[in-house]
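So the structure is just underneath, and the comments pick up after that.
There are 2 protein chains.
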Amino acid sequence: MKPRPVGDLSSTRPPSKTAAMDVVATNAQVRASVAAARSRGLTIALIPTMGALHAGHISLIDAARDAFRVVSIYVNPTQFGPTEDFARYPRTIDADCAVCRQAGADLVFAPADSEIYPPGEQTRVRPGPLADTLCGPFRPGHFEGVCTVVAKLFNIVQPDVAYFGQKDAQQALIIRRMVIDLAMPLCIEICPIVREPDGLAMSSRNAFLTPEDRARAICLYRALWVARDMLTAGGSNPGRITAAMRAVIAEHADIKVDYLSIVDAANLRPMESLAGKILIAGAIRVGKTRLIDNMILELPR
Amino acid sequence: MKPRPVGDLSSTRPPSKTAAMDVVATNAQVRASVAAARSRGLTIALIPTMGALHAGHISLIDAARDAFRVVSIYVNPTQFGPTEDFARYPRTIDADCAVCRQAGADLVFAPADSEIYPPGEQTRVRPGPLADTLCGPFRPGHFEGVCTVVAKLFNIVQPDVAYFGQKDAQQALIIRRMVIDLAMPLCIEICPIVREPDGLAMSSRNAFLTPEDRARAICLYRALWVARDMLTAGGSNPGRITAAMRAVIAEHADIKVDYLSIVDAANLRPMESLAGKILIAGAIRVGKTRLIDNMILELPR
Numbered sequence: 035m036k037p038r039p040v041g042d043l044s045s046t047r048p049p050s051k052t053a054a055m056d057v058v059a060t061n062a063q064v065r066a067s068v069a070a071a072r073s074r075g076l077t078i079a080l081i082p083t084m085g086a087l088h089a090g091h092i093s094l095i096d097a098a099r100d101a102f103r104v105v106s107i108y109v110n111p112t113q114f115g116p117t118e119d120f121a122r123y124p125r126t127i128d129a130d131c132a133v134c135r136q137a138g139a140d141l142v143f144a145p146a147d148s149e150i151y152p153p154g155e156q157t158r159v160r161p162g163p164l165a166d167t168l169c170g171p172f173r174p175g176h177f178e179g180v181c182t183v184v185a186k187l188f189n190i191v192q193p194d195v196a197y198f199g200q201k202d203a204q205q206a207l208i209i210r211r212m213v214i215d216l217a218m219p220l221c222i223e224i225c226p227i228v229r230e231p232d233g234l235a236m237s238s239r240n241a242f243l244t245p246e247d248r249a250r251a252i253c254l255y256r257a258l259w260v261a262r263d264m265l266t267a268g269g270s271n272p273g274r275i276t277a278a279m280r281a282v283i284a285e286h287a288d289i290k291v292d293y294l295s296i297v298d299a300a301n302l303r304p305m306e307s308l309a310g311k312i313l314i315a316g317a318i319r320v321g322k323t324r325l326i327d328n329m330i331l332e333l334p335r
Numbered sequence: 035m036k037p038r039p040v041g042d043l044s045s046t047r048p049p050s051k052t053a054a055m056d057v058v059a060t061n062a063q064v065r066a067s068v069a070a071a072r073s074r075g076l077t078i079a080l081i082p083t084m085g086a087l088h089a090g091h092i093s094l095i096d097a098a099r100d101a102f103r104v105v106s107i108y109v110n111p112t113q114f115g116p117t118e119d120f121a122r123y124p125r126t127i128d129a130d131c132a133v134c135r136q137a138g139a140d141l142v143f144a145p146a147d148s149e150i151y152p153p154g155e156q157t158r159v160r161p162g163p164l165a166d167t168l169c170g171p172f173r174p175g176h177f178e179g180v181c182t183v184v185a186k187l188f189n190i191v192q193p194d195v196a197y198f199g200q201k202d203a204q205q206a207l208i209i210r211r212m213v214i215d216l217a218m219p220l221c222i223e224i225c226p227i228v229r230e231p232d233g234l235a236m237s238s239r240n241a242f243l244t245p246e247d248r249a250r251a252i253c254l255y256r257a258l259w260v261a262r263d264m265l266t267a268g269g270s271n272p273g274r275i276t277a278a279m280r281a282v283i284a285e286h287a288d289i290k291v292d293y294l295s296i297v298d299a300a301n302l303r304p305m306e307s308l309a310g311k312i313l314i315a316g317a318i319r320v321g322k323t324r325l326i327d328n329m330i331l332e333l334p335r
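Listed below in structure tokens is the structure:
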């Protein structure tokens, strides 16, 4: 099949698998709808989101086009730290449902808190050392919150496959690890980062940026390219490369770096020698807004 | 249906649901076998065990008699502390398979470590405050190990129902909580404690007891009865009751008490006033062997 442009809604699409996209709020409803779809022989795909949908999310819905597509929309409180942006995180459920409908989703699952965190709840899924690096130290508890909510969504929807974006590279790796470790009966698909025309990675948090901050935010992507260029030119000193990345960000005095790192793409560990599949990743704070981005590069061994 | 005596293998049994009981070692094999049973319309029951099967386990297999019965046998390393009895825990797989066969199990799943803990594994399921009391402080990490292995087994076998014994009262409550919290798609059945003729709760660890220790071990059950008698006679002071329990154990100078507690059976918290469903629970150490037992009592509110 010829790949279609990511996020392009105008292309020809097979007939809708259901008469109309349902929007449901309870675990029982989503299970009934999924069971009906499965009995019709359909593969079940889950696209977990926190809403505020953009072309990155649409690319995930699009990638799942052959399946019965369940999009969950839930701003998960346990993955936000006490000083983070849970309260102001964009909540645009009506617009999100319209996006899902247009993208061809079959079901939107927009649960109330009590469906996901029932009274008295206390169990958590705890990731291992993969969560201790990159974003981990800057967002204590974040990946535990992610693993917990994703495990719940997997158990509620029971999909055959779930789609996540490569923009959250560490999250993708941690979820893949969780699925293997806990023998969860589904596949994980990771889809490429979708970018604005100037290269800025699509993010629901981009909406927070003032026009000035928006213009400056691209420096993270530029820093990734600086690293990529140095690496493809044979650069082999991670410290020197991340220093060059920092210099790119430092052109903007008011942008704070959380980290700029070059790590093994398989385990997120620092590399003795730069070879094989490596992840160049960074997180910056532009005003109050935290942005992340990354690139994967395959170097000769 | 008339209830049959627990652990009685001589009673009439419906025809075996499969020609012969299979013993498998891999996740793929157990999934294939379960999928075949499900396609025949059978309910799938899982009885998770660490082997060294006794009449308590048999009562669980028996309780699941209407289902396709999968017995897992796996001595889970992560639920033992570094100073505990993992190395010497009884491993009697051949005898266990014979017990399962006689009890009418359809499938024994006896996995290698690498099936349950694949290379690089690091994810854990972490229970909440329910794990911080009773056995929790004496066995750090134990219930996290239990939740983790049980979650894995649930994901591998994907049963409709899983059976556990009331002997491990705290474990039963924590697993019920985990299933609700993570929206796991199965039911949990808790079966009554099965006891030796003198009242000692069946336990794989009873095999460790010398004849002298075996005779003394019954003091824990006697202590539970002392508490029960005081409570049913209107005793309302938990401190006085647990002191009376301690006095029973103290008759044996070489038996150490881990705890003797009277708690709310729903949340394991100490009770201001003794009313409703309460759990009397204790753990003692007889020689190197740790034994637990409990009773549930319903008091007028």
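Heads up: the protein sequence lines correspond to chains A and B, in order.
Be aware that the first sequence starts at 35, since it is given in our numbering, and climbs by one per residue.
Be aware that the second sequence starts at 35, since it is given in our numbering, and climbs by one per residue.
Just so you know, even glycine gets a beta-carbon here, dropped at the ideal spot from N, CA and C.
Nothing here was measured: the structure is a model prediction, and the numbers come from that model.
Check: Name, in chain order, the residues that DSSP records as bridge partners for residue 106 of chain B.; Outcome: B/82, B/143
Check: For the alpha helix (DSSP H) containing residue 135 of chain B, list its first residue and its last residue.; Outcome: 127-137
Check: Got a sec? Which residues, its chain only, sit under 7 Å from residue 334 of chain B by beta carbon, not counting five neighbours each side?; Outcome: 309
Check: Is any beta-carbon of chain B found at less than 7 Å from that of residue 292 of chain A?; Outcome: no
Check: Which bits of chain B does residue 159 of chain A rub up against, with CB to CB less than 9 Å?; Outcome: 157, 158, 159, 160, 185, 216
Check: Spell out a yes or no on whether the segment 208-225 of chain A and the segment 236-253 of chain A are touching, meaning 3 or more CB-CB pairs, one atom from each, closer than 8 Å.; Outcome: no
Check: I want to see whether chain A comes within less than 7 Å of residue 272 of chain B, judged by CB atoms only; does it?; Outcome: no
Check: By Cβ distance below 6 Å, which residues in the same chain neighbour residue 229 of chain B in space, the five residues on each side in sequence not counted?; Outcome: 235
Check: If I measure Cβ to Cβ from residue 224 of chain B and keep anything under 6 Å in the same chain, skipping five residues before and after, which residues do I get?; Outcome: 198, 200, 206
Check: Between which two residues does the alpha helix (DSSP H) holding residue 173 of chain B run?; Outcome: That residue, residue 173 of chain B, is in no alpha helix (DSSP H); it is neither H nor E in DSSP.
Check: Beta-carbon of residue 110 of chain B versus every beta-carbon of chain A: anything under 7 Å?; Outcome: no
Check: Identify, in the order they occur along the chain, each residue of the same chain with its Cβ nearer than 7 Å to the Cβ of residue 126 of chain B, setting aside the five sequence neighbours on each side.; Outcome: 85, 86
Check: What span of residues does the beta strand (DSSP E) with residue 293 of chain B cover, start to end?; Outcome: 289-298
Check: Go ahead and pull the three-state DSSP assignment for residue 273 of chain B.; Outcome: helix
Check: Assess, as a yes-or-no matter, whether the segment 103-121 of chain B is touched by the segment 164-175 of chain B under the definition of 3 or more beta carbon pairs within less than 8 Å.; Outcome: yes
Check: Can you have a look at residue 307 of chain B and say buried or exposed, based on whether 16 or more other CB atoms are within 10 angstroms of its CB?; Outcome: exposed
Check: Does any residue of chain A have a CB that is nearer than 7 Å to the CB of residue 212 of chain B?; Outcome: yes
Check: Are the C-beta of residue 193 of chain A and some C-beta of chain B separated by less than 7 Å?; Outcome: no
Check: Counting only Cβ pairs nearer than 7 Å, list the residues of chain B close to residue 190 of chain A.; Outcome: 217
Check: What does the alpha-carbon distance come out to for the pair residue 157 of chain A and residue 147 of chain A?; Outcome: 15 Å
Check: Relative to the alpha-carbon of residue 311 of chain A, which residue among A/221, A/298, A/153 has its alpha-carbon at the smallest distance?; Outcome: A/298
Check: With 7 Å set as the bound, which would you pick, yes or no: does the beta-carbon of residue 163 of chain B sit closer than that to a beta-carbon of chain A?; Outcome: yes
Check: Among residues of its own chain, excluding the 5 on either side of residue 222 of chain A, which ones have a beta-carbon nearer than 7 Å to its beta-carbon?; Outcome: 196, 198, 209, 210, 213
Check: What does residue 181 of chain B reach in chain A if we use C-beta pairs closer than 9 Å?; Outcome: 157
Check: Less than 7 Å separating the beta-carbons of residue 169 of chain B and residue 136 of chain B?; Outcome: no
Check: Among the residues of its own chain, which have a CB less than 7 Å from the CB of residue 260 of chain A, if the five just before and after it don't count?; Outcome: 278, 279, 282
Check: Residue 95 of chain A and residue 139 of chain A look like a contact to me (Cβ under 8 Å); what is the Cβ gap, rounded to whole Å?; Outcome: 5 Å
Check: So residue 217 of chain B is in the alpha helix (DSSP H); what residue range does that whole segment cover?; Outcome: Looking at the DSSP string, residue 217 of chain B is not in any alpha helix (DSSP H), and its letter there is neither H nor E.
Check: What are the boundary residues of the beta strand (DSSP E) that includes residue 327 of chain A?; Outcome: 323-333
Check: May I ask which residues mark the beginning and end of the alpha helix (DSSP H) holding residue 97 of chain B?; Outcome: 89-97
Check: How far does the beta strand (DSSP E) with residue 56 of chain A in it extend, from its first residue to its last?; Outcome: 56-58
Check: Given that residue 61 of chain A touches chain B, what residues does it touch there, using C-beta distances under 8 Å?; Outcome: 217
Check: Assuming residue 56 of chain A contacts residue 187 of chain A under a Cβ cut-off of 8 Å, what Cβ separation, rounded to an integer in Å, is found between them?; Outcome: Not quite, the Cβ-Cβ distance comes to about 17 Å (not below 8 Å), so this is no contact.
Check: Contact criterion: CB-CB distance below 7 Å. Does residue 304 of chain B meet it with respect to chain A?; Outcome: no
Check: Would residue 152 of chain B count as contacting chain A if we go by Cβ distances under 7 Å?; Outcome: yes
Check: Using the rule of at least 16 other Cβ atoms within 10 Å of the residue's Cβ for burial, across every protein chain shown, is residue 130 of chain A buried or exposed?; Outcome: buried
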